[in-house]
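Asker:
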Amino acid sequence: MKKYTLTLLALLLIPATAPAQVPAAAESEADQAITKLRAGLVDSFNKGDIDRMLTWLDTNAVVTWQNGEVCEGPAAVKAYYERMMKGDHPVVSKITADPKVLGRHVQEGWAVSWGNLNDQFVLTDGRELPLNSRFTATLAKRGDRWLVSAFQVSVNAFDNPIMRSAISKTLKIAGVGGLVVGGIVAAVTMKILRQRKTAAK
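Set out below in structure tokens:
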């Protein structure tokens with residue numbers, strides 16, 4: 001009876017553990033390759049090495065930026081980067097990012113990752129904008145490498161540094177405008193009252 005029980009336990013345990021080892025190994029290989037891609041992208045991006053960064057993009061990669069502009073292909077991405085940071089009238093002097101992946105789906109030769117970009121912009125006028133954008137990246141396996149096929153970044157349309165700055169400026173303008181209008185109204189009112197007082201005499 002004891003021998004029969006041990007045999008039964010062995011039959012129950014072997015099928016439960018053996019198949020689980022194969023997917024875990026395959027998943028680990030893909031995750032390692034994608035983590036390598038991510039590390040290469042972040043490092044080259046933070047160092048401003050645009051040419052190295054472009055080596056991680058697929059030939060027809062589509063990138064949608066925070067301002068809604070869309071670039072197709074590495075050449076378009078480089079042109080956008082050069083215009084925003086190194087053109088005749090650059091908008092941004094420095095960008096850094098520390099992306100945190102919140103989730104990832106991997107299926108055969110495709111993967112989707114998403115998370116927080118934790119990006120910080122320093123504009124040419126000295127302003128610092130911690131946008132904390134959200135990103136979604138579609139990755140494709142090309143031969144023995146994983147490359148970015150699509151990358152989209154978005155910011156909170158209702159709460160971000162740019163909007164807060166615009167609101168602050170609007171309030172300041174409205175406040176100054178209110179003081180000016182109030183001053184004019186007060187001056188006109190005083191003049192009318194004086195005229196009436198003089199006429200009454």
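My numbering puts the first residue of the sequence shown at 1, with every later residue one more than the last. Glycine included, C-beta positions come from ideal geometry on N, C-alpha and C.
Among all the DSSP beta bridges, which residues are the ones paired with G115?
Answerer: Along the sequence shown, read from residue 1 onward, the residue named residue 115 stands at position 115. BP columns for G115 point to V101 and F135.
Asker: So, do the stretch 65-82 and the stretch 33-42 have three or more beta carbon pairs nearer to each other than 8 Å?
Answerer: Not touching, per the Cβ criterion.
Asker: With E72 as the anchor, note down where its beta strand (DSSP E) starts and where it stops.
Answerer: Counted from its first residue, the sequence shown places residue 72 at position 72. Per DSSP, E72 belongs to the beta strand (DSSP E) from V70 to E72.
Asker: Helix, strand or coil for E108 per DSSP?
Answerer: The residue given as residue 108 occupies position 108 in the sequence shown. Reduced to three states, the DSSP call for E108 is coil.
Asker: Would you say L123 and S133 are within 8 Å of each other, going by their C-beta atoms?
Answerer: The residue given as residue 123 occupies position 123 in the sequence shown. The residue given as residue 133 occupies position 133 in the sequence shown. Contact: no.
Asker: Between the C-alpha atoms of I95 and E108, what's the straight-line distance to the nearest angstrom?
Answerer: Along the sequence shown, read from residue 1 onward, the residue named residue 95 stands at position 95. Along the sequence shown, read from residue 1 onward, the residue named residue 108 stands at position 108. Approximately 33 Å between the Cα atoms of the pair.
Asker: Beta-carbon within less than 6 Å of T64's beta-carbon, same chain only, minus the 5 sequence neighbours each way: which residues are those?
Answerer: As a position in the sequence shown, residue 64 is number 64, starting the count at 1. Once the five neighbours on either side are set aside, the close Cβ partners of T64 are V70 and Q152.
Asker: Could you tell me how far apart the beta carbons of L131 and V155 are, in whole angstroms, since I believe they sit closer than 8 Å?
Answerer: Residue numbering aside, residue 131 sits at position 131 when the sequence shown is read from its first letter. Residue numbering aside, residue 155 sits at position 155 when the sequence shown is read from its first letter. Right, the Cβ-Cβ distance comes to about 5 Å (below 8 Å), so this counts as a contact.
Asker: Just the C-alpha distance for F135 and D144, rounded to the nearest angstrom, thanks.
Answerer: Within the sequence shown, residue 135 is the residue found at index 135, counting from 1. Within the sequence shown, residue 144 is the residue found at index 144, counting from 1. In a straight line, the C-alpha of F135 is about 25 Å away from that of D144.
Asker: Round the Cβ separation of W56 and V148 to the nearest angstrom and send it over; I've been treating them as touching at under 8 Å.
Answerer: The residue given as residue 56 occupies position 56 in the sequence shown. The residue given as residue 148 occupies position 148 in the sequence shown. So it is a contact: roughly 6 Å between Cβ atoms.
Asker: Just the C-alpha distance for A97 and G48, rounded to the nearest angstrom, thanks.
Answerer: For the purposes of this step, residue 97 is taken as residue 97 along the sequence shown, with counting starting at 1. For the purposes of this step, residue 48 is taken as residue 48 along the sequence shown, with counting starting at 1. Looking at the two C-alpha atoms, the distance is approximately 11 Å.
Asker: For L102, is the classification buried or exposed, using 16 other Cβ atoms within 10 angstroms of its Cβ as the cut-off for buried?
Answerer: Counting from 1 along the sequence shown, the entry for residue 102 is found at position 102. Under this definition L102 is an exposed residue.
Asker: If you reduce the DSSP assignment to three classes, tell me which class G40 lands in.
Answerer: Numbered from 1 along the sequence shown, position 40 holds the residue referred to as residue 40. The answer is helix: DSSP assigns G40 an H, G or I state.
Asker: Using a Cβ-Cβ cutoff of less than 7 Å, which residues in the same chain neighbour R52 once the five nearest sequence positions on both sides are dropped?
Answerer: Your numbering for residue 52 matches position 52 in the sequence shown. Excluding sequence neighbours, R52 sits near S44.
Asker: In or out: R38 buried (at least 16 other Cβ within 10 Å) or exposed?
Answerer: Counted from its first residue, the sequence shown places residue 38 at position 38. With 16 or more Cβ atoms within 10 Å of its Cβ, R38 is classed as buried.
Asker: Given K100, which residues of its chain have a CB within under 7 Å of its CB, disregarding the five upstream and five downstream residues?
Answerer: Taking the first residue of the sequence shown as 1, we reach residue 100 at position 100. The answer, listed in chain order, is G115, N116 and N118.
Asker: If we call anything under 8 Å between Cβ atoms a contact, is I34 one with W146?
Answerer: Taking the first residue of the sequence shown as 1, we reach residue 34 at position 34. Taking the first residue of the sequence shown as 1, we reach residue 146 at position 146. Yes, the pair counts as a contact, with Cβ atoms nearer than the cut-off.
Asker: Relative to the alpha-carbon of N46, which residue among Y81, P90 and G87 has its alpha-carbon at the smallest distance?
Answerer: Reading the sequence shown from its first residue, position 46 is the one you call residue 46. Of the listed residues, the one whose Cα sits closest to N46 is Y81.
Asker: State the Cα-Cα distance for the pair V62 and G126, rounded to the nearest angstrom.
Answerer: Counting from one through the sequence shown, the residue named residue 62 turns up at place 62. Counting from one through the sequence shown, the residue named residue 126 turns up at place 126. When rounded, the distance between both Cα atoms is 30 Å.
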